[in-house]
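Numbering (my numbering), first residue to last: 3 to 370. Heads up, the beta-carbon is just placed ideally off N, CA and C, and yes, glycines get one too.
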């Protein structure tokens, strides 16, 4: 019999939820019982829904303000104290959920959820281990609570940072992306034909997350002006961006929400993203080199810089740097092979195995 695992996430963009769903699938395939919950749903009077709507507005319309909030509330040495009122809003609902589920281990894939679990552990109302799964390449203070039992990080350098700040060992696992991204890449010809890609052009897949954040239009325009590239832009749920680009873009393909991203990514020669987030991890797993163009503020800039330090992306702050990096990664075969190998090496250890081990360390008898 398996363990009962509670995964706590939040719908703040698509990344946290997608990671949680894939982790849940892997644990279920191993015979465990999984309950997936959204922290926003545990907050009273629609507070969580408001936070979920406020975040994309903030990043898209007032990026300078988001960066200020990030620096003041995520990175400050008193960060946990400053967000304590928000954490307290979720605790009554989380206590009820824990009482109903009675998990053998609880995993957070969202930083405020990690703080909530730490609070319950500190208060003695969560009797089983709490694991903070740090899904980002950089580690800010809100992922780390002294009362949690373990941190899982997606790179050795992130784990070393977490260990330095908590004083306890952190596990290292690969980023969690959907299984289809690790499947062999198929023939790109059908995708190229569907998109109308000229025979002599390479595909640059430009992504801005589920909300189409950042300087997507600037990247697409620069690539469209270079005859060697055919930009394919995924606007996600940003319908205004999609309509604007369809009116203005003379060369390339403009898409909205795409269900089969593994197929599309597998046909690309390069992925251009702006946050070191889930799209970058999916591309690395798929064996497609990444360039990060004008990272979004706050966590986006920090994650992109961490990814660059690992040798897994080129940071480009203007279109000249973008085109130069794109050219290097497609003409320098040794560099391209090295970048692909480095990216795929990240995925050797499965987070689901480490979650199971954490449950085993603290629980003698699995849940019936």
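When DSSP labels each residue in this structure, what does residue i get in the three-state scheme?
i, result
"residue 345", "helix"
"residue 259", "coil"
"residue 370", "Only weak support is given to the placement of residue 370: the predicted model assigns it a pLDDT of 47, under 50, and the value that follows is read from those uncertain coordinates. Three-state DSSP puts residue 370 in coil, outside helix and strand."
"residue 187", "coil"
"residue 317", "strand"
"residue 267", "helix"
"residue 117", "helix"
"residue 156", "coil"
"residue 294", "strand"
"residue 133", "strand"
"residue 251", "coil"
"residue 58", "helix"
"residue 163", "helix"
"residue 65", "helix"
"residue 173", "strand"
"residue 303", "helix"
"residue 94", "helix"
"residue 21", "helix"
"residue 76", "helix"
"residue 277", "coil"
Ignore the nearest five residues each way along the sequence and tell me which others in residue i's own chain have a CB closer than 6 Å to its CB.
i, result
"residue 300", "68, 69 and 72"
"residue 36", "7, 26, 29 and 30"
"residue 287", "179, 183, 184 and 349"
Residue j and residue i - do their beta-carbons sit closer together than 8 Å?
i, j, result
"residue 216", "residue 156", "no"
"residue 278", "residue 294", "yes"
"residue 107", "residue 137", "no"
"residue 251", "residue 226", "yes"
"residue 187", "residue 272", "no"
"residue 139", "residue 160", "yes"
"residue 269", "residue 190", "yes"
"residue 354", "residue 32", "yes"
"residue 119", "residue 135", "no"
"residue 149", "residue 124", "yes"
Just to confirm my understanding: we take residue i, look at its own chain, exclude 5 residues before and 5 after, and list those with CB closer than 7 Å. What are they?
i, result
"residue 367", "Its pLDDT being 48, under 50, residue 367 is placed unreliably by the model, and nothing is read from it."
"residue 283", "177 and 179"
Can you tell me which of the options puts its alpha carbon nearest to the alpha carbon of residue i?
i, options, result
"residue 21", "116, 179 and 304", "179"
"residue 234", "53, 84, 254 and 34", "254"
"residue 145", "231, 124 and 110", "110"
"residue 237", "222, 229, 231 and 230", "222"
"residue 50", "312, 88, 77 and 24", "88"
"residue 183", "220, 218, 281 and 344", "281"
"residue 163", "181, 141, 154 and 148", "141"
"residue 105", "121, 232, 38 and 83", "38"
"residue 303", "10, 53 and 61", "61"
Among residues of its own chain, excluding the 5 on either side of residue i, which ones have a beta-carbon nearer than 8 Å to its beta-carbon?
i, result
"residue 85", "75, 114, 117 and 144"
"residue 167", "141, 143 and 146"
Looking at residue i and the ligand SAH, is the gap between the Cβ and the nearest heavy atom below 7 Å?
i, result
"residue 265", "As presented, the structure is devoid of all ligands, the ligand SAH included, so that no description of it is given."
Flag residue i as yes if its beta-carbon sits less than 8 Å from any beta-carbon of chain D, otherwise no.
i, result
"residue 271", "This model lacks chain D altogether; it includes just one protein chain."
Query raised in the report: Would you call the segment 165-177 and the segment 324-337 touching, i.e. three or more CB-CB distances under 8 Å?
Result: For the pair of segments examined, the segment 165-177 was found not to touch the segment 324-337: the number of CB pairs separated by less than 8 Å stays below three.
Query raised in the report: Would you call the segment 39-47 and the segment 192-200 in contact, with 3 or more CB pairs under 8 Å?
Result: No: the two stretches stay apart, fewer than three of their Cβ pairs being nearer than 8 Å.
Report task. Tell me, please, whether the segment 55-67 touches the segment 90-102 by the rule of three or more beta-carbon pairs shorter than 8 Å. Result -> The segment 55-67 is not in contact with the segment 90-102.
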